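One structure is given below, encoded as structure tokens.
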Amino acid sequence: MTPQAGQVVFTRGGVSESVHQVHVAVVDPSGGVTASCGDAGLVTFPRSSSKPVQALPLALAVPDLPDDELAIACASHTGTPEHLAVVERLLARSGSTVADLRCGTHPPFDTGAAADLIRRNEQPTPLHHNCSGKHAGMLLACERNGWPREGYTEHGHPLQVRIRELHAELGGVGLDDVRAGTDGCSVPAFALALDATARIFARLAAPTGELAPALERIFGAMTAHPFLIAGPGRLDTTLMPLVPGLAAKMGAEAFYGLALRETPRGPLGVAFKIADGGERARPHVALAVLEALGAPMTDKMRTLAPAALTNWAGREVGGVEVTLPLEGV
Numbered sequence: 018m019t020p021q022a023g024q025v026v027f028t029r030g031g032v033s034e035s036v037h038q039v040h041v042a043v044v045d046p047s048g049g050v051t052a053s054c055g056d057a058g059l060v061t062f063p064r065s066s067s068k069p070v071q072a073l074p075l076a077l078a079v080p081d082l083p084d085d086e087l088a089i090a091c092a093s094h095t096g097t098p099e100h101l102a103v104v105e106r107l108l109a110r111s112g113s114t115v116a117d118l119r120c121g122t123h124p125p126f127d128t129g130a131a132a133d134l135i136r137r138n139e140q141p142t143p144l145h146h147n148c149s150g151k152h153a154g155m156l157l158a159c160e161r162n163g164w165p166r167e168g169y170t171e172h173g174h175p176l177q178v179r180i181r182e183l184h185a186e187l188g189g190v191g192l193d194d195v196r197a198g199t200d201g202c203s204v205p206a207f208a209l210a211l212d213a214t215a216r217i218f219a220r221l222a223a224p225t226g227e228l229a230p231a232l233e234r235i236f237g238a239m240t241a242h243p244f245l246i247a248g249p250g251r252l253d254t255t256l257m258p259l260v261p262g263l264a265a266k267m268g269a270e271a272f273y274g275l276a277l278r279e280t281p282r283g284p285l286g287v288a289f290k291i292a293d294g295g296e297r298a299r300p301h302v303a304l305a306v307l308e309a310l311g312a313p314m315t316d317k318m319r320t321l322a323p324a325a326l327t328n329w330a331g332r333e334v335g336g337v338e339v340t341l342p343l344e345g346v
């Protein structure tokens, strides 16, 4: 029988206003599920939580790549000047330019950076896309592996074939268990069971085998450069420095992956999916998971997911109730 799913309930005036169902899988370095709630076998898309895997061919092909450039290849960045400078440096390594990026274009997520573009009467370019670092890294991985840069986003391209294989290998599943769609930035998005994605993050927390040096470098790059992984006010950037030994990566539609090195149980990988894609519930689930796994809660951490809801006038108008029946904790 499937364990009971978790819930995040937003209330107003004592009445439940919104309910978000949560599925969680916690995996140890041996690959075993040690705790879960909801459906640990739920097949879903990690979306950008896959970026550490998508950066693996780059880390393997360029073992001397600076940490900040490896971090930006794992990032869903907010388009600040600091982010763009690192992406441009990474692009230049393969002799590529912004015109070679196939991620599409959107305004910077950072409101200050977006306002600066408007003030200068400039249009955003693919460089401002939150996935431009990943795409720049993919172009360099292609160049170093002797694969064509043209068509690097296509499902049949050697790079994307390899990335799918890595999802299967790290997730401990067969290749047929890794289903494919297309992401918002045009590269393949791979769907697999929630516990398989948690297994990937457990391997990131405690690397073993041939991939260990590259995984170790990715973990180190993410934790050394939390600002590059996301940006001002974003959960990854704020949370990682507050939890020793944590590499965290958010994905669209309220997915989250966490690689934890320092818990009372040792290293763990966590993946959770908020079923309705309600991203405002994500920090509440992340903190509840961390607390359940023994991470010390600080006042600064609790500010990321306040229990009280206030309106624009600063009045308390409601609250947030989190129920996370993690079996095995």
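Per my numbering, the very first residue in the sequence shown carries number 18; after that it's consecutive. Here a beta-carbon is modelled for each residue, glycine too, at the ideal position from N, C-alpha and C. Note that the structure is predicted; figures quoted are calculated from it, not measured.
Secondary structure at Arg196: strand, using DSSP grouped into helix, strand and coil. Asn328 sits exposed, since fewer than 16 C-beta atoms from the chains shown fall within 10 Å of its C-beta.
If one requires a minimum length of 3 residues, the beta strand (DSSP E) runs lying completely within the stretch 35-95 are 50-54, in chain order. Contact between Leu108 and Ala158 is ruled out by a C-beta separation of about 13 Å, above the 8 Å threshold. Listed in chain order, the beta strand (DSSP E) runs fully inside the stretch 193-247 are 196-199 and 205-210, counting runs of at least 3 residues. CA-CA distance, Gly311 to Pro281, rounds to 6 Å. Counting the other Cβ atoms within 10 Å of the Cβ of Gln71 gives 16 or more, which makes it buried. Comparing C-alpha distances from His184 to each of Thr170, Arg299, Ala213 and Leu156 shows the shortest one belongs to Ala213. Secondary structure note for Met155: its alpha helix (DSSP H) is the uninterrupted segment Ser149 to Asn162. By a beta-carbon distance limit of 8 Å, Val41 contacts Ser53. Their separation comes to about 6 Å.
Counting along the chain, no beta strand (DSSP E) covers Thr170, and no H or E run does either. According to the DSSP assignment, Met267 belongs to the beta strand (DSSP E) that extends over Leu263 to Gly268. Pro69 is a Cβ neighbour of Ile235, given a cutoff of 8 Å. Around Gly262, the same chain offers Leu277, Arg278 and Glu279 as residues with beta carbons nearer than 7 Å, after the five sequence neighbours per side are excluded.
Taking a contact to require three or more Cβ pairs closer than 8 Å, the stretch 231-251 and the stretch 294-305 do not qualify as touching.
Around Pro230, the same chain offers no residue with a beta carbon nearer than 6 Å, after the five sequence neighbours per side are excluded.
Restricting attention to Gly268, Pro124 and Arg220, the CA atom closest to the CA of Asn138 is found in Pro124. DSSP places Gly129 in the uninterrupted alpha helix (DSSP H) bounded by Thr128 to Arg136. Closest in C-alpha terms to Ser113, from the list Asp127, Val25, Leu144 and Asp133, comes Leu144.
Relative to the Cα of Glu270, the nearest Cα in the group Leu285, Asp84, Lys290 and Leu176 belongs to Lys290.
The distance from the Cβ of Leu256 to that of Leu343 is about 19 Å, inconsistent with a contact at the 8 Å cut-off. Looking only at Val79, Leu259, Gln21 and Val346, the smallest Cα-Cα distance to Thr315 is reached by Leu259.
Excluding sequence positions up to five before and after Ala215, its CB lies within less than 7 Å of the CB of Ala42, Val43, Val44, Gly286, Val287 and Ala288, all in the same chain and listed in chain order. Bridge partners of Thr142 according to DSSP: none are assigned. Considering only Arg297, Gly121 and Cys148, the residue with the shortest C-alpha distance to Gln140 is Gly121. Secondary-structure assignment with DSSP links Lys317 through no beta bridge to anything. In this structure His146 does not touch Leu245 by the C-beta definition: roughly 15 Å separates them, more than the 8 Å allowed. Rounded to whole angstroms, Cys202 and Pro224 show a C-alpha spacing of 28 Å.
Listed in chain order, the non-local C-beta contacts of Arg106 below 7 Å within the same chain comprise Glu86, local neighbours out to five positions each way being set aside. Relative to Ile217, the option among His174, Ala76 and Gly49 whose CA is nearest is Gly49.
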